[in-house]
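Numbering (our numbering), first residue to last: 1 to 252.
Yeah, the Cβ is synthetic: ideal placement off N, Cα and C, and Gly gets one too.
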Amino acid sequence: MSNTDYPLELPEHDRPMVRFMNVSKSYGRLNVISHLDFDVAEGEMVTIIGPSGSGKTTVLRALMTLETINGGVIYVDGKPLTHMPRDGVLVPADERYQRKIRSSIGMCFQHFNLFPHMTAIQNCMEGPVQVLGLSRKEALERSEELLKMVGMIDKRDQHPSRLSGGQQQRVAIARALAMRPKVMLFDEVTSALDPEVIGEVTHVIRKLVAEHNLTMIMVTHQMGFARDISDRVCFFYGGSIEEQAPPQTLFT
């Protein structure tokens, strides 16, 4: 397909929150994602599982524009992310355009990535102040609300080094949500956590979906987490979806 074959914007009657349309990504001769068609509806929780090297994390990295795709188009909330309209066709997006569309996406990484020199509340306030241009008062109110939601308001003045792994992950979730995303991406967020802490994180994620109607895409190696959290599980192999179904179907 050429760029003229892709819509400049998805129509209202066919507009999932995320759409991969014929997307490919390769490193030299290695195809990591191969002609992927993949939709995620608004408010849906989708988990991606599969062996190492199957393209799972590359899907998330492409959505964060940390990877440049080699073919196809990714849409977020109906608008192209990887490309932008120009003279009636789609052309590769520039950084300014991508930043605007990407602002509706938040991501939590496996290793938290909190700023070590900042407290929990400061970590949550940084993005809204520096990127969204909120006043410190507005950012403080938003961050306090989110830390309450994830059960971390009593640790608001603690630095990451004083927090457990589960506590750091909850702060990282609050920090991502402070940017008011429509889509949340989770990359192996439970891999470094104890089983009882995984339960805490699962509870927080469910609560967030219920209260904010967030769309979530998660990558995990932990089948129990995938079963407990997902509306749909996608098994990736060789850069494409081999099987997808509700967890109660896929895991029986």
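Just to confirm, is the Cβ distance from residue i to residue j under 8 Å?
i: Val40; j: Ile74; result: no
i: Met64; j: Met21; result: no
i: Asn31; j: Gly199; result: no
i: Val129; j: Met152; result: no
i: Ile69; j: Thr82; result: yes
i: Arg142; j: Gly78; result: no
Give me the Cα-Cα distance between residue i and residue j, rounded to the nearest whole angstrom.
i: Glu95; j: Val59; result: 19 Å
i: Met17; j: Gly166; result: 29 Å
i: Ser34; j: Glu138; result: 44 Å
i: Thr252; j: Ile48; result: 17 Å
i: Gly88; j: Arg102; result: 22 Å
i: His203; j: Gln169; result: 13 Å
i: Ile217; j: Val131; result: 23 Å
i: Tyr6; j: Gln158; result: 48 Å
i: Thr190; j: Lys207; result: 17 Å
i: Glu145; j: Arg136; result: 14 Å
i: Asp187; j: Leu163; result: 20 Å
i: Arg61; j: Glu67; result: 6 Å
i: Cys234; j: Glu242; result: 8 Å
i: Gly71; j: Lys25; result: 7 Å
i: Phe109; j: Arg29; result: 28 Å
i: Asp37; j: Arg19; result: 7 Å
i: Val46; j: Ala210; result: 15 Å
Assuming residue i contacts residue j under a Cβ cut-off of 8 Å, what Cβ separation, rounded to an integer in Å, is found between them?
i: Gln244; j: Arg227; result: No, Gln244 and Arg227 are not in contact; Cβ-Cβ is about 14 Å, not under 8 Å.
i: Glu44; j: Thr215; result: 6 Å
i: Val150; j: Ala174; result: 5 Å
i: Leu114; j: Asn123; result: 5 Å
i: Ser104; j: Pro181; result: 6 Å
Would you mind working out which of the options sits nearest residue i, comparing C-alpha positions?
i: Lys155; options: Thr119, Phe115, Ala176; result: Thr119
i: Pro80; options: Leu147, Ala93, Gly53, Glu126; result: Ala93
i: Ala178; options: Met152, Pro160, Leu147, Asp194; result: Leu147
i: Gln248; options: Met223, Phe236, Arg99; result: Met223
i: Pro85; options: Phe236, Glu9, Asp194; result: Glu9
i: His212; options: Met184, Val197, Gly50; result: Met184
i: Tyr237; options: Ser26, Arg29, Pro51; result: Pro51
i: Glu196; options: Asp77, Phe225, Val209; result: Phe225
i: His111; options: Val91, Ser161, Glu126, Ser54; result: Ser161
i: Gly55; options: Tyr27, Val76, Glu42; result: Tyr27
- Task: Enumerate, from N- to C-terminal direction, the unbroken alpha helix (DSSP H) stretches of 4 or more residues contained entirely within the segment 5-83.
- Result: 56-63
- Message: Going residue by residue through the segment 89-149, where are the continuous beta strand (DSSP E) segments of at least 3 residues, counting only ones entirely within it?
- Response: 89-92, 105-108
- Item | Whole alpha helix (DSSP H) elements within the segment 186-213, 4-residue minimum | 195-212
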